[in-house]
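As structure tokens, the structure follows; a few thoughts come after it.
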Amino acid sequence: MATKTSKKSTTKKTTSTKKTTTRKRTRTNRKKLVIVESPSKAKTIGRYLGRTYKVVASLGHVRDLPKSRMGVEIDNDYKPDYITIRGKGDVIKELRKDAKNAKAIYLASDPDREGEAIAWHVSNLLKMDDKEKNRVTFNEITKDAVKEAFKEPRTINMDLVDAQQARRVLDRLVGYSISPILWRKVKKGLSAGRVQSVALNLIIQREKEIRNFKPEEYWSIDAEFQKGRSERFKASFYGENNKKVALHNNQDVQRILAKIDRQHPFNIDKVDRKERRRQPQPPFTTSTMQQVANRRLNFRTRKTMMAAQQLYEGINIGKGAAVGLITYMRTDSTRIAGIAKHEASKFIHEKYGGQYAAIKPVKGKLPEGAQDAHEAIRPTSVYRTPAEMKQYLTNDQYKLYSLIWSRFVASQMTPEIIDTMTVTITQNGVNFRANGSKVKFAGFTKVYKRSQDKDNLLPDLAEGDQVKMVSDNSAQHFTQPPARYTEAALVKTLEENGVGRPSTYAPTLDTIQRRYYVRLVSRHFEPTELGEVVNALIEKQFPQIANAKFTADVEADLDNIEEGKKKWVKVVDDFYQPFSKEVSKAEEQVEKVQMQDQLAGINCDICGAPMVVKMGRYGKFYACSRFPDCRNTKAIVKDTGIVCPKCGKGTVVERKSRKNRVFYGCSRYPDCDFVSWDKPIGRNCPKDGHFLVEKNVKGGKQVVCPNGDYEEPVQK
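Structure (structure tokens):
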């Protein structure tokens, strides 16, 4: 009996030991959990941290205000009523499961207000300790930067969270107060917002300037001169007796020409030689990157930010190694880390020579209200040249990376030195001037060139020389109205006015186009009739919402919240109290706006009643005038008269996509599925027989072959 008891006891002891060992092994095997926003970012960071970490993505925000109602308790200190975003249930379930089994949890969303808010929402959902140091941020996704960041985690910065929360609440109060008025008084589906209202107002104010502009006549006289047998050079009329004179009409021109004796030479009165230095520009901020990408690459703002996000989050550059190629792309700073400056200087010395490396690189001036929270946008390593990275990047990624890389390297280089020459040519008191220039030292333009960087050489001229006028050409001109805003120009104006912040430009421009308040025509914004109606209502009833200065002051208050200088509830209350009175007044005063339907000039092919032009969410369309009795509608298409290059039976018509972008298709659709973003011109390529198209390019229009084998000169 004693022996049996001993056996049972030993068995129980062994079982107990096995369970303890298994429990210890399970506890030891638990991983540290890292939560980021996107899967691609998670993949890149996961490779750097190794097997002891599990990196997962929240897929952006997990909580937000409800879409169906205001979601802000105005009488309870503007408390936001956050709910789980629809469709995120499975994501949150997985996050909770991973958190339960994790040894530790780190929140590594982007290093800005929005990223801080995402971390805070995730922390709340997972019921994490607010005082725990679990927040990790890095300005670039490289191995060294990520590992260094995990050595110094911090607590969630509630000032950043409050600043983002205040912005969200303010935008909700404005949008959900004004939009219902627009629905009742104008039409359903409209919206209003703080920043988008200012952007729309700027576009419409510019349009009014263009409409009210009165052109003024002026003339110019351009002439060709020659010294002996040297090459001819051009000069333009300057004035009389060395004083600037404007030519207002043809009579002024004829008076000047009458004073000139073509049989006698002109004298070189003055030769002014100078050395001019052109400094490089600082590295990109979000705003300047969007502007230059729009001008140079013809990238829309959203496209630029999408490509930049991909470059930041990580690209596979061979052997499965993913690395972030640029620093964080939402910044208003031109500041550069010391280690990046040192690396750039070393690269410039090796690649171009010491004479090209700046001792004191250029410093950019921060715009008013800039947060200066992050570095400028730069490559994470200057040694990853665009040429080496090209094989790993898409075409858009490569173009943007080349722009960012070259701008940064150029900012660390010496100035371009240009020899300039201004020559004054005189006869009988009539002055002409010629300007010449020659690059003496390329400096930063070795890396970052401009299309207009060309030498304009003059012959060797000295004071007292004589030259002959070979020809003259007088031309009539008229002053031009201010240009409509491009995306680049509008972003620049918003930034200069202190309206919006780096993260808001792309969604703002996208919204006013999706609402059909404006349309892009030849890369310039034109307001629609609907946009003008909405703007007029907001300008009259809510003047501060359309006012750039007021909106900039609100942005400054948000910055003060971020810096801990103001409380977010007080900022929101100071805004809402006067605003709510304007809303109440508008509810009573605004009369319903009648959007007059225009006759389309065609009859309904179902009931025979006249068709009218109506305004829809995606622009204008044809609808039966007997609506709702007859619900027949048709898309408005513009027939180009060009025979369809695919079927040869239909004609090419101009259509619009849901995003209001013009494209070309066959009139026989759906029987013929021909489609093209560029307009066919009715001719075929002489090289391969493919149909030719007309593209809008810088300086005019150009006929090209879509296959890329043929192009014709640009037509202005």
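630 is the number that full-length UniProt numbering gives to position 630 of the sequence shown; each next residue is one higher, with no gaps.
Glycine included, C-beta positions come from ideal geometry on N, C-alpha and C.
Counting of Cβ neighbours within 10 angstroms places His248 among the exposed residues, the total staying below 16. Under the three-state reduction of DSSP, Ala321 is assigned to coil, being neither helix nor strand. By a beta-carbon distance limit of 8 Å, Gly682 contacts Ile642. Their separation comes to about 4 Å. In the DSSP assignment, no residue is bridged to Cys630.
At the C-beta level, Ala119 and Leu107 come within 7 Å of one another. Within the region 395 to 437, the runs of beta strand (DSSP E) that reach at least 3 residues and sit entirely inside it are, in chain order, 416 to 427.
For Ile118, the secondary structure class from DSSP, reduced to helix, strand or coil, is helix. Using a 10 angstroms sphere on the CB of Pro379, the tally of other CB atoms reaches 16 or more, which defines it as buried. Going by beta carbons, Pro482 and Glu94 fall outside the 7 Å limit.
Pairwise C-beta distances place the region 463 to 479 out of contact with the region 168 to 187, as fewer than three of them are shorter than 8 Å. Per DSSP, Gln715 is not a residue of any beta strand (DSSP E), being assigned neither H nor E. Where Val703 is concerned, the enclosing beta strand (DSSP E) starts and stops at Gly700 to Val704. Taking 3 residues as the shortest admissible run, the region 658 to 702 contains the following complete beta strand (DSSP E) segments, listed from N- to C-terminal end: 662 to 666, 679 to 684 and 691 to 697. Under DSSP, Thr84 shares a beta bridge with Arg63. Counting the other Cβ atoms within 10 Å of the Cβ of Ser109 gives 16 or more, which makes it buried. Collapsing the DSSP output to three states places Gly353 in coil.
Residue burial annotation: Thr414 is buried, with at least 16 other C-beta atoms found within 10 angstroms of its C-beta.
Going by beta carbons, Ala410 and Phe444 fall inside the 7 Å limit.
The beta carbons of Gly324 and Glu140 sit closer together than 7 Å. Less than 7 Å separates the beta-carbon of Ile156 from that of Arg135. Annotation: the continuous alpha helix (DSSP H) that includes Met305 extends over Thr301 to Glu313. Nearest to Asn431 by C-alpha distance, out of Arg519, Pro265 and Asp460, is Pro265. In this structure Phe575 is in contact with Leu170, their Cβ atoms being roughly 6 Å apart against a cut-off of 8 Å.
Along the region 472 to 520, the alpha helix (DSSP H) occurs as fully enclosed runs of 4 or more residues at 487 to 496 and 505 to 514, listed in sequence order.
In this structure, the CA atom of Thr633 is about 20 Å from the CA atom of Arg515. His121 is not a Cβ neighbour of Val55, given a cutoff of 7 Å. The DSSP assignment places complete alpha helix (DSSP H) segments of no fewer than 4 residues inside the region 561 to 601 at 568 to 589, in order along the chain.
By DSSP's assignment, Met469 forms a beta bridge with Phe225. With respect to Tyr48, Lys143 sits close: the two C-beta atoms are nearer than 7 Å.
In the pairwise beta carbon analysis, the region 37 to 44 is classified as touching the region 306 to 326: at least three pairs are separated by under 8 Å.
Around the Cβ of Thr479, a 10 Å sphere holds fewer than 16 other Cβ atoms; the residue is exposed.
In this structure Met615 is not in contact with Ala623, their Cβ atoms being roughly 10 Å apart against a cut-off of 8 Å. Per the Cβ contact rule, the region 548 to 567 is not in contact with the region 513 to 532 (fewer than 3 Cβ pairs under 8 Å). With at least 16 other beta carbons inside 10 angstroms of its own, Cys666 counts as buried. Annotation note: the region 128 to 160 contains the following uninterrupted alpha helix (DSSP H) runs of length 4 or greater, listed N- to C-terminal: 143 to 149.
Ranking Val447, Ala344, Gly429 and Ile35 by CA distance to the CA of Phe150 puts Ile35 first.
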